[in-house]
Amino acid sequence: MKRALVGMICLTLSGGTLAASIVDSKHNLGNIGGNTANRNYTDATQEVCVFCHTPHGGSATHNGEAVAPLWNKAVTTSTFQTYDSLGTSSLKGSVANVGSVSIACLSCHDGSQAMDVMINQPDSGGYTAAGASLGGTWTANGAVDAATGKMLTANPIPGVGTDLRNDHPIGIQYAGGLISGTDHTNASNYRNPDFVAAAEVTINGNQIWYVPVPASNATTGLANSVSGSQISPVAGTRNKTDMALYTRSVATIDSGRAQPYVECASCHDPHQANTATFLRIDNTGSAVCLACHKK
Ligand code: HEC
Ligand code: HEC
Ligand code: HEC
Ligand code: HEC
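Just so we're aligned, residue 83 is where the sequence shown starts under the working numbering, counting upward by one.
Dropping the structure here:
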């Protein structure tokens, strides 16, 4: 049954138009591929993944937590101001230190280091634990300082900077955390009741949580889509169109109990070139927001 389903999905995809790839997107910082009028890129390499991933020697952890797979950048050492410091009376969840996948994103988006600084450069040799620049010339397109290769932060987007008080909270417990029990799939346990129940699966012995995004939104009835095409998520596993939640254990929050947090990549998939702004699904009808929030 599972096999038949997978087969069907492949057929559906190959029947459609060729999906855009990260190569066509603003996350391609290399001197290869199209869309150059819209991109910032360096002439130093024709590789694409290398700005973020390396097959060997990446920075696996930060404060003992996984950052992002095979991460090829030393993570930012900036000090951040976080959303909870605003003290809004509506916020229920506790906020963790900036870490997990968010610190990977912020290693470019806080403007602290050049975007061609990497741990393991293309080709033989070129490994530097602290990271080193490729030393090429940047073609800048608004968001990047051509002289330094760093993201500009005068505007809070796309250079998010280190003041995260004007950004959707990250490193935040899902749904305000639990007011009772340990079951995140039961929404009546949530401290903030206005949230869609999370799903939980165990993969390779790791408990992971996510917010399942069904084919249509439960509140609006509108189709959830990518590039205008309705999604067909597979049940019982995390699809890339689901809102990812990231497992963290933070000593100061619920005595370090492992639990799901919202991070940058909960809403964004950094490879998703078929939606605007790398969102996991199109935000038509505020589908991204309503995937988690019951409003
Ligand atoms: C701009 C940074 C960036 C670039 C460039 C990039 N990735 Fe990623 N990648 C990430 C981040 C961040 C994650 C973790 C995201 C998550 O948790 O979903 C990730 C996760 C992954 C994963 C595991 C999760 C998944 O979505 O499957 C794979 C596989 C992967 N990347 C492959 C690639 C390949 C292959 C390329 C080049 C064609 C590439 N990436 C380019 C940032 C990047
Ligand atoms: C290697 C550097 C790098 C990393 C790491 C990185 N980005 Fe980016 N990102 C960029 C650049 C460069 C742009 C293009 C900015 C522009 O031209 O507006 C960009 C643009 C974006 C945009 C706006 C896209 C658009 O169409 O306007 C989003 C959203 C984004 N990044 C999210 C993320 C998230 C989330 C992560 C982590 C999962 C991440 N980025 C990691 C370099 C990076
Ligand atoms: C709760 C969901 C959510 C989280 C978490 C989130 N974003 Fe976004 N982000 C969005 C949405 C939705 C948009 C599109 C906004 C729009 O259309 O103006 C966006 C837009 C952006 C843009 C492009 C803005 C522009 O108008 O050019 C960047 C860059 C970005 N996000 C980076 C990040 C980074 C880095 C993080 C983590 C620090 C992050 N996002 C966390 C939902 C989120
Ligand atoms: C991945 C799940 C998720 C998505 C998607 C999401 N949010 Fe949130 N949002 C949260 C969580 C968790 C909180 C913290 C709730 C709490 O602690 O009370 C939050 C908090 C907020 C708050 C309240 C902050 C406060 O001070 O009380 C606003 C406003 C908000 N989100 C708006 C949005 C909007 C608008 C979107 C779509 C662009 C969005 N969210 C998408 C999970 C999400």
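C-beta atoms are modelled at their ideal positions from N, C-alpha and C, and glycine is treated no differently.
_Start-end ranges of the alpha helix (DSSP H) lying completely within the region 307–365, minimum 4 residues_ = Segments of the alpha helix (DSSP H) lying fully in the region 307–365: 346–349.
*Is residue 371 buried or exposed, if buried means 16 or more other CB atoms sit within 10 Å of its CB?*
exposed
_My output table needs one value for residue 113: the three-state DSSP class, helix, strand or coil._
Look at residue 113 here: in three-state DSSP terms it is coil, with no helix or strand label.
_With H, G and I counted as helix, E and B as strand and the rest as coil, what does DSSP make of residue 290?_
strand
_Please state whether the Cβ-Cβ distance between residue 26 and residue 157 is less than 9 Å._
The structure shown does not extend to residue 26, since the chain spans only 83 to 377, so no value can be given for it.
*Does ligand 1 have even one heavy atom less than 8 Å from the beta-carbon of residue 248?*
no
_Restricting to Cα atoms, I'd like to know which of 110, 139 and 311 is closest to residue 125._
110
*Would you check if there are 3 or more beta carbon pairs closer than 8 Å linking the region 132–141 to the region 217–232?*
no
*Boundaries of the beta strand (DSSP E) in which residue 370 is found, first to last residue*: No beta strand (DSSP E) contains residue 370, which is instead part of the alpha helix (DSSP H) from 369–374.
*Given a threshold of 16 other Cβ atoms within 10 Å of its Cβ, counted over all protein chains shown, does residue 250 qualify as buried or as exposed?*
Around the beta carbon of residue 250, fewer than 16 other beta carbons sit within 10 angstroms, so the residue counts as exposed.
*asked:* Buried or exposed for residue 342, going by 16 or more other Cβ atoms inside 10 Å?
replied: With 16 or more Cβ atoms within 10 Å of its Cβ, residue 342 is classed as buried.
*Are residue 216 and residue 227 close, meaning C-beta to C-beta below 9 Å?*
no
*Is it true that the CB of residue 113 sits closer than 9 Å to the CB of residue 128?*
yes
*Say the cut is 8 Å; is the CB of residue 313 nearer than that to a heavy atom of ligand 4?*
Not under cutoff, so the answer is no.
_Quick check on the burial criterion: 16 or more other C-beta atoms within 10 angstroms. Buried or exposed for residue 287?_
exposed
*Give a single yes or no on whether residue 232 has its beta carbon closer than 8 Å to a heavy atom of ligand 1.*
no
*Mind checking residue 62: buried by the 16 CB within 10 Å criterion, or exposed?*
Missing from the structure shown is residue 62; the chain here goes from 83 to 377 and no further.
_Inter-stretch contact at 8 Å, needing at least 3 Cβ pairs: the region 349–365 / the region 306–320_ = In short, these stretches touch, since the Cβ pair count reaches three.
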